[in-house]
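Mind the numbering: the sequence shown is residues -22 to -1, 1 to 185 in mature numbering (1 follows the signal peptide of the UniProt record, and there is no 0), read in order.
Built from N, CA and C at the ideal position, the CB exists for glycine as well.
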Amino acid sequence: MKSKWIACLMAAMLIVTAPAAAKNKGTQTILDNWGSVTVPQNIYMEAGTQPTLAAQEADNDMAAYIAEVLPANTPRTYQIVKMDQGVFQYAYMLHYTLSAADVRSLVGTDGMSVTAANDALRQRLPRGFYLVDALTEHKSNGTVFYTGAVERNLFINGNGFIERMYILAWQHGTYTEAALIIGRNEGSDDLLPDVLNMLMQAKVSKR
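Spelled out as structure tokens, the structure:
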């Protein structure tokens, strides 16, 4: 599975060669248009791209895949790696700043309506994608976040493979910040919820 091998190699290289990521571990890191985020000691994060199997129709490029419905919106992308007792977990995050027009094109309303967003996800997700956790509201540090999860079931070399995509969004003014956090969902893998919690605990920057 070539793309998985490449992702693992990139994760290992990120751990051993990326001074910017090492510098940021366990410290306050500023994410543009999101805010001040504390990266845990065992998680490494830096700007970059990473292949995802869920976007196989776009040569495993999730940003290009999403560009089919958001053609004018370029995401900020991050590689995220967790090392726990010598075991690597990896994730890929795409952060979009959405205008009211972007939200309207995606869910049919100008604001972040949970009902409209869930209906849109159920009706418009591409074939093979499933809404496994409907969007719900959560309040953290005075900010209302919307979280949910989508999965894609794949067969790679005859074996089943599930890639999970957490959705996290919050509003400020007429804008919506939306993060898509992508990775494996197997056994004891806990990187995705760790990243979700990290972003929700951020000191968000509101315009």
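Residue range of the unbroken alpha helix (DSSP H) whose run includes residue i
i: residue 179; result: Careful: residue 179 lies outside any alpha helix (DSSP H) and carries neither H nor E.
DSSP state of residue i mapped onto helix, strand, coil
i: residue 131; result: strand
i: residue -4; result: Since pLDDT at residue -4 reaches only 38, below the 50 mark, its modelled position is unreliable, and the value read off the structure follows with that caveat. Correct three-state label for residue -4: helix.
i: residue 111; result: strand
Delimiting residues of the beta strand (DSSP E) encompassing residue i
i: residue 85; result: No beta strand (DSSP E) contains residue 85, which is instead part of the alpha helix (DSSP H) from 78 to 85.
i: residue 103; result: Premise fails: residue 103 is in no beta strand (DSSP E) and is neither H nor E.
i: residue 156; result: 153 to 162
i: residue 147; result: 137 to 150
Exposure of residue i, with buried meaning 16 or more beta-carbon neighbours within 10 Å
i: residue 117; result: exposed
i: residue 64; result: exposed
i: residue 19; result: exposed
i: residue 113; result: buried
i: residue 53; result: buried
i: residue 103; result: exposed
i: residue 131; result: exposed
Rounded distance between the beta-carbons of residue j and residue i, thought under 8 Å
i: residue 107; j: residue 148; result: Actually they do not touch by this definition, with Cβ atoms about 23 Å apart.
i: residue 13; j: residue 56; result: Contact flag wrong, Cβ pair sits at about 14 Å.
i: residue 68; j: residue 161; result: 6 Å
i: residue 125; j: residue 174; result: 7 Å
i: residue 21; j: residue 168; result: 11 Å between Cβ atoms; not a contact.
i: residue 176; j: residue 16; result: 7 Å
Legend entry - Sequence ranges, beta strand (DSSP E) only - wholly within the region 4 to 33, length at least 3: You should have 6 to 9, 13 to 16, 21 to 25.
Legend entry - Every unbroken alpha helix (DSSP H) inside the region 26 to 76 [4 residues or more]: You should have 40 to 44.
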